[in-house]
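Peer 1: Here's a structure for you.
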Amino acid sequence: MKFNTIDDLKASGFEGFIPVAQLQTDSTAIPRTAGVYMVVYTGENIPEFLPCGTGGFFKGKDPNVSITELETNWVKNTCVVYIGKAGTTLRKRLNQYLKFGNRQNIGHWGGRYIWQIKNSGNLLLCWKPTPDEDPETVETALIARFKEQRGGHRPFANLKD
Numbered sequence: 001m002k003f004n005t006i007d008d009l010k011a012s013g014f015e016g017f018i019p020v021a022q023l024q025t026d027s028t029a030i031p032r033t034a035g036v037y038m039v040v041y042t043g044e045n046i047p048e049f050l051p052c053g054t055g056g057f058f059k060g061k062d063p064n065v066s067i068t069e070l071e072t073n074w075v076k077n078t079c080v081v082y083i084g085k086a087g088t089t090l091r092k093r094l095n096q097y098l099k100f101g102n103r104q105n106i107g108h109w110g111g112r113y114i115w116q117i118k119n120s121g122n123l124l125l126c127w128k129p130t131p132d133e134d135p136e137t138v139e140t141a142l143i144a145r146f147k148e149q150r151g152g153h154r155p156f157a158n159l160k161d
């Protein structure tokens, strides 16, 4: 699998590609099945980062990091900024993620860096149902493949393998 373009992701069975802002209003397009998902950045250059993003303060913890850290984590020449999994259903997990990104006190600490991207509502979410595979196993394999192609770097907002 390649992670360069949306066409690469579609060729690997990912679907959706719906803006975050749209899904924060209506998430009915997200399937109610287990699977993996990706956050996609469509800009051509490194985005502008915000010192204080829209992520929620889960258990009182500040989700924001320095702009220097965000710039250091940025991975060039890929549209994928985060890879996640949904063990219950994609809709349930992505709704948690979307609520966290809307300043709610929700337990979705992983992937929090995306909420410091200016205009994060323009990021796209895509997903791939994995009815016959363990989503955690698929997620781990996707991150490993990404790292192989990107000199050992994880996607921008993935802070662990």
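In the UniProt record's numbering, the protein residues as written are 1 to 161. Even glycine gets a Cβ: it sits at the ideal position worked out from N, Cα and C.
List in chain order: all unbroken alpha helix (DSSP H) runs of 4+ residues lying wholly within the stretch 68-140.
Peer 2: Entirely contained in the stretch 68-140, the alpha helix (DSSP H) runs reaching 4 residues are, in chain order, 90-100.
Peer 1: In this structure, does DSSP put Glu148 in helix, strand or coil?
Peer 2: Three-state result, Glu148: helix.
Peer 1: Taking the alpha-carbon positions, what's the Ile117 to Leu90 distance?
Peer 2: Their backbone Cα atoms lie some 23 angstroms apart in a straight line.
Peer 1: Report the option in Glu71, Phe14, Ser12 and Ile30 whose CA atom is closest to the CA atom of Val20.
Peer 2: With distances taken between Cα atoms, Val20 lies closest to Ile30.
Peer 1: Under the rule that 16 or more other beta-carbon atoms within 10 Å means buried, what is Phe11, buried or exposed?
Peer 2: According to the sequence shown, residue 11 is Ala rather than Phe. Per the 10 Å Cβ criterion, exposed.
Peer 1: Is the stretch 53-60 touching the stretch 30-43, taking contact as three or more C-beta pairs under 8 angstroms?
Peer 2: Segments in contact, no.
Peer 1: As a quick exercise: from Leu70, Gln22 and Pro135, pick the residue whose alpha carbon is nearest that of Leu124.
Peer 2: Selected option, being the one with the closest Cα: Gln22.
Peer 1: So Val39 is in the beta strand (DSSP E); what residue range does that whole segment cover?
Peer 2: Residues Gly35 to Val40.
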